[in-house]
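Residue numbers (this note's numbering): 19 to 340.
Following this line, the structure appears as structure tokens:
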């Protein structure tokens, strides 16, 4: 391919650029950016003006001084026949989702609802009707390990009974385990119920997803801040706890004047001091101690480490694997 750039001074001199293709022995030379290429061309054109027609010892080809620039790609060009052809995707995820609720292939039967536990451990009939779910031990073991421990495969005529969770919430959780998604509306309206179930049955990713929706919709007030702090601590919802602590720091005068923090767990002191320190240092600190929960989770995820847990646990895990 040839590109010609006419010089402005006269019509007798041109610069012709020839561009090559992939060369396996030159692929490591790096990329030549367009801006840098144009700058180099301008220097060559300026140099060309020094060798105008009539200068002794300079031979021009048909009145033109020829520059040859060879450019190499980092990778060989993809075959057009491959790029243009239909290539199917891996069907595994879609096939797993199709097995959701398949009674014929399932090896676990779960009955949800019908009764619940009271505070003193006794059981009573719940107002909601029970629902039966059919699942596969392999899927539960991969995506809901705690639930899998409760549902050992065996005689499906005797279902495993699970209480203290609504059939609708359990349906969301089980569908998620098979690769399904939960609508934004359901996550917003049932965030706490989904967090409770996901935390109970070991579905970490769903728990953290529901937590983000809870944080977005929750309006912290002096009246509800204590409940939010205790709930976040009990479920290891580090993001919710961080946001609640931010509210305490920003509204410390009203909080201290109207509520007692004596009942807060001593482990929250670190989170409170972190919230105070973050105000001074800002959110851009590279120090793990003052790093925001979202960034801690991202770094743990990038390292392939567990990103569920308290701030203290996440920081300890990052330092251990740094």
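In this text, a Cβ means the ideal position worked out from N, Cα and C, and glycines have one as well.
Selected residue, minimal CA-CA separation from residue i, among the options
i	options	result
residue 127	150, 340 and 240	150
residue 280	247, 269, 257 and 311	247
residue 306	333, 217, 321 and 325	333
residue 170	154, 116 and 251	154
residue 185	331, 202 and 148	148
residue 123	113, 130 and 131	113
residue 222	161, 340 and 175	161
residue 176	125, 213, 209 and 159	125
residue 218	110, 201, 240 and 183	183
residue 344	240, 249, 284 and 250	Because the chain in this structure spans residues 19 to 340, residue 344 falls outside the shown range and cannot be described.
residue 288	277, 110, 119 and 251	251
residue 179	285, 224 and 152	152
residue 325	200, 204 and 255	255
residue 286	249, 317, 313 and 82	249
residue 214	181, 157, 319 and 320	181
residue 158	212, 216, 103 and 203	216
residue 311	331, 321 and 237	331
residue 277	110, 242 and 321	242
Check whether residue i and residue j have beta carbons under 7 Å apart
i	j	result
residue 295	residue 308	yes
residue 115	residue 220	no
residue 263	residue 290	yes
residue 188	residue 130	yes
residue 118	residue 194	no
residue 259	residue 228	no
Endpoints, beta strand (DSSP E) assigned at residue i
i	result
residue 128	126-130
residue 360	An answer regarding residue 360 cannot be provided, because it is not within the stretch 19 to 340 covered by the chain.
residue 152	149-153
Extent of the continuous alpha helix (DSSP H) run through residue i
i	result
residue 179	Counting along the chain, residue 179 falls outside any alpha helix (DSSP H), though it belongs to the beta strand (DSSP E) covering 178-180.
residue 334	329-338
residue 166	163-168
residue 110	110-116
Rounded distance between the beta-carbons of residue j and residue i, thought under 8 Å
i	j	result
residue 257	residue 230	7 Å
residue 261	residue 233	5 Å
residue 292	residue 329	7 Å
residue 209	residue 235	7 Å
CB contact check: residue i to chain B, cutoff 7 Å
i	result
residue 188	Absent here is chain B; the protein component of the structure consists of one chain.
**Prompt:** Curious, which full-length alpha helix (DSSP H) runs of at least 4 residues does the segment 188-250 contain?
**Reply:** 202-207, 209-219 and 222-235
**Runs of alpha helix (DSSP H) lying entirely within the segment 260-316, each at least 4 residues, in chain order** = 270-276 and 286-299
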